[in-house]
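Have a look at the structure below before the remarks.
In my numbering, the protein residues as written are 214 to 577.
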């Protein structure tokens, strides 16, 4: 077996063992989205129209934030076509689901479906992968930023997850807007601007204090939940030229009830093999992966993955390693020497030592 295989190759080995129902849309999943919308609406109205104490407002904010993440995961499924096939209805529902994250359905499909899924963890083509040492060394500002003390960087990384999704979505809009056909560009603009106008306009309707409980705090919670999943799903894995989900993706384990509420998003390696599959069948896919390629499958608990992210740097060195500029340390990635239970590193020294480790990128 070659070191890397494409996600299509793995899918071809497993698909004959799967029932046809696994690839049929399941419109009844929209009932979960309706439940999320009802809970969000009730909590928002309660905060907006009643003078509740700060503790109750905070509790309702937490509930809204959790529902934001849940409805975001539903939007992810809808726009992959696993819930409903009608494209027009998909776009409307997707827009509603991603409204808290100020992300339009056309942008999401371009950024996520057509680019991230096709070029997962490719150093240059995946918009969601982290930067490389080569890029950082060319920028004095970035080099200074990643030379900050480790504690500062770890805290900043965790805090940034609270705003990451909305921030990254804006970056993706700037990156991809020119790639849309002229006839679609106006729609992408509208889908980007309207959610921002809605949420900002809400400040003037209910006041800044209540707005913090209705949107700001919930959005930060939703951002953290979604972004922490995305980070654990890929950021401990190596960068790869070949889109091999067993190499570039990680499945994290969470309580079963969380999996139900988050539409099995934790089973992410499985999702990258079959992005248009009903997530209900991801555990079955997992069974076959463990049977066919047990030594290549990466899985750990969500909290262990988060702790490992905090303990390791985020900058890639020659695709398979992670480098800490400030401490002069090189760590492995999953499948390349990184053991979350016993994290080891190679100590290096000056900028010249770091530069000597960088060579032209090798094909993987």
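Note that CB positions come from ideal geometry on N, CA and C, so glycine has one too.
Cβ-based burial, residue i [other Cβ within 10 Å; buried from 16]
| i | result |
| --- | --- |
| residue 474 | buried |
| residue 299 | exposed |
| residue 446 | buried |
| residue 485 | buried |
| residue 293 | buried |
| residue 233 | exposed |
| residue 555 | exposed |
| residue 479 | buried |
| residue 225 | exposed |
| residue 216 | exposed |
| residue 372 | exposed |
| residue 290 | buried |
| residue 269 | exposed |
| residue 397 | exposed |
Bridge partners - residue i, DSSP secondary structure assignment
| i | result |
| --- | --- |
| residue 463 | For residue 463, which the question treats as bridged, DSSP gives no partner whatsoever. |
| residue 558 | 544 |
| residue 537 | 542 |
| residue 512 | 464 |
| residue 528 | 536 |
| residue 345 | 529 |
Beta-carbon contacts of residue i that lie in its chain and below 6 Å, excluding the five residues immediately before and after
| i | result |
| --- | --- |
| residue 483 | 495, 498 and 499 |
| residue 466 | 514 |
| residue 323 | 389 |
| residue 223 | 486 |
| residue 512 | 464 |
| residue 288 | 307, 310 and 311 |
| residue 286 | 475, 476 and 478 |
| residue 253 | 277 and 280 |
CB contact flag (residue i, residue j, <8 Å)
| i | j | result |
| --- | --- | --- |
| residue 284 | residue 262 | no |
| residue 523 | residue 344 | no |
| residue 240 | residue 297 | yes |
| residue 462 | residue 519 | no |
| residue 374 | residue 437 | yes |
| residue 295 | residue 549 | no |
| residue 281 | residue 435 | yes |
| residue 503 | residue 510 | yes |
| residue 427 | residue 260 | yes |
| residue 346 | residue 530 | yes |
| residue 227 | residue 501 | yes |
| residue 488 | residue 521 | no |
| residue 386 | residue 319 | no |
Cut-off 8 Å between Cβ atoms - residues of its own chain near residue i, not counting five sequence neighbours on either side
| i | result |
| --- | --- |
| residue 315 | 379, 382, 383, 405, 408, 409 and 412 |
| residue 542 | 526, 536, 558, 559, 560 and 561 |
| residue 237 | 491 |
| residue 392 | 323 |
Neighbourhood of residue i by C-beta distance below 7 Å, restricted to the same chain and skipping five residues each side
| i | result |
| --- | --- |
| residue 573 | Here the model assigns residue 573 a pLDDT of 47, short of 50, so the residue's position is not dependable, and the following value carries that caveat. Around residue 573: no qualifying Cβ. |
| residue 256 | 273, 276 and 277 |
| residue 546 | 449, 450, 451, 533, 534 and 535 |
- Message: Under 8 Å, with one C-beta from each stretch per pair, do the segment 337 to 346 and the segment 397 to 409 reach the 3-pair mark?
- Response: Too few Cβ pairs lie closer than 8 Å, so no.
- Task: Spell out a yes or no on whether the segment 271 to 287 and the segment 427 to 441 are touching, meaning 3 or more CB-CB pairs, one atom from each, closer than 8 Å.
- Result: Of all C-beta pairs linking the segment 271 to 287 to the segment 427 to 441, three or more are shorter than 8 Å, placing the two stretches in contact.
- Query: Using 8 Å as the Cβ pair cut-off and three pairs as the minimum, do the segment 295 to 309 and the segment 448 to 461 touch?
  - Reply: No, they do not touch.
- Count the C-beta pairs between the segment 350 to 363 and the segment 418 to 426 that are closer than 8 Å, then say yes if the count reaches three, no if not. Because the criterion of three Cβ pairs below 8 Å is not met, the segment 350 to 363 and the segment 418 to 426 do not touch.
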